[in-house]
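J.: In our numbering, the protein residues as written are 10 to 255. Structure provided below as structure tokens; questions to follow.
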Ligand code: IPE
Ligand code: IPE
Ligand code: MG
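Here's what the structure looks like:
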């Protein structure tokens, strides 16, 4: 029985979020420039998007570039931005054909104009698709997102559109970039780092966390299946007792 066949299709996570980490180390292990690792990482993105679409997962969020990543050496940042543009150009037709809808979360105003333009076209082109929702986190950080939500909410309170007493976790969530998406049930991080690095801090409250030593450019469909199987072996209690769940 293959790993894929072992997956219980009735208990799939609706939303998987991934911190795609380890590109730089993957390249350095091969005495190559870090950018080579980012290029190879695109193959993994293609594979994982395809696997999620095949499994009929509804949402896949990929952390591709953080607010903090702007502080990397200029050549690496520029290389990643160029890679982003060429990848969107190359992949968009196939995403569209596969009924995938593209979304972006993050401070996109920070991205180079060409990048913003490509993203805008790709988002518009796929806007009516109703298969996998592919959410790219670009120039994203959760603290930026939460501070932005607080600002927007304060504005609405100031205008009298919402009262202080009406602010609940659900209402607050509606001010986040992810308001249209359910919270991820499964969060995967590659490369053996055990941290969240400013990713979806609000939304991951009850996500199952899965860490693997595999570096992102080596992460393939089988690795995803393993993560999903591991997720399916867990008991999600949401604060209740085990007996209450059964
Ligand atoms: C993840 O890989 C991709 C980005 C953060 C853009 P890294 O570039 O962080 O790779 P490592 O962690 O240095 O190996
Ligand atoms: C997190 O990886 C961001 C992305 C994968 C886009 P980093 O490599 O930037 O995280 P740290 O610095 O190791 O925490
Ligand atoms: Mg890293």
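Even glycine gets a Cβ: it sits at the ideal position worked out from N, Cα and C.
Output the boundary residues of the alpha helix (DSSP H) element that contains residue 64.
T.: Start and end: 43-64.
J.: Could you tell me the distance, in whole angstroms, from the CA atom of residue 89 to the CA atom of residue 44?
T.: Whole-angstrom Cα-Cα distance: 7 Å.
J.: List in chain order: all unbroken alpha helix (DSSP H) runs of 4+ residues lying wholly within the region 78-166.
T.: 83-106 and 122-134, all fully within the region 78-166.
J.: Closer than 7 Å from C-beta to any heavy atom of ligand 4: which residues, in chain order?
T.: Among the ligands modelled here, namely ligand 1, ligand 2 and ligand 3, ligand 4 does not occur.
J.: For residue 229, name the three-state secondary structure that DSSP assigns.
T.: Reduced to three states, the DSSP call for residue 229 is coil.
J.: In chain order, which continuous runs of the beta strand (DSSP E) of length 3 or greater are located wholly inside the region 201-253?
T.: Qualifying beta strand (DSSP E) stretches, in chain order: 217-220.
J.: Can you grab the Cα-Cα spacing for the pair residue 229 / residue 128, in whole Å?
T.: Those two C-alpha atoms are separated by around 25 Å.
J.: Compute every distance between the C-beta of residue 73 and the non-hydrogen atoms of ligand 2, then say whether any falls below 7 Å.
T.: Within the cutoff, so yes.
J.: What are the start and end residues of the alpha helix (DSSP H) that includes residue 7?
T.: The requested residue 7 is not part of the displayed model; the chain covers only 10 to 255.
J.: Looking at residue 151 and residue 78, is the spacing between their C-beta atoms short of 8 Å?
T.: Taking 8 Å as the Cβ cut-off, residue 78 and residue 151 do not qualify as a contacting pair.
J.: Whole angstroms is fine: what's the gap from residue 153's alpha carbon to residue 55's?
T.: Rounded to the nearest angstrom, the two C-alpha atoms are 28 Å apart.
J.: Within 7 Å: the Cβ of residue 89 and any heavy atom of ligand 2?
T.: For ligand 2, not one heavy atom lies less than 7 Å from the Cβ of residue 89.
J.: If you draw a straight line from the C-alpha of residue 94 to the C-alpha of residue 86, how long is it?
T.: When rounded, the distance between both Cα atoms is 13 Å.
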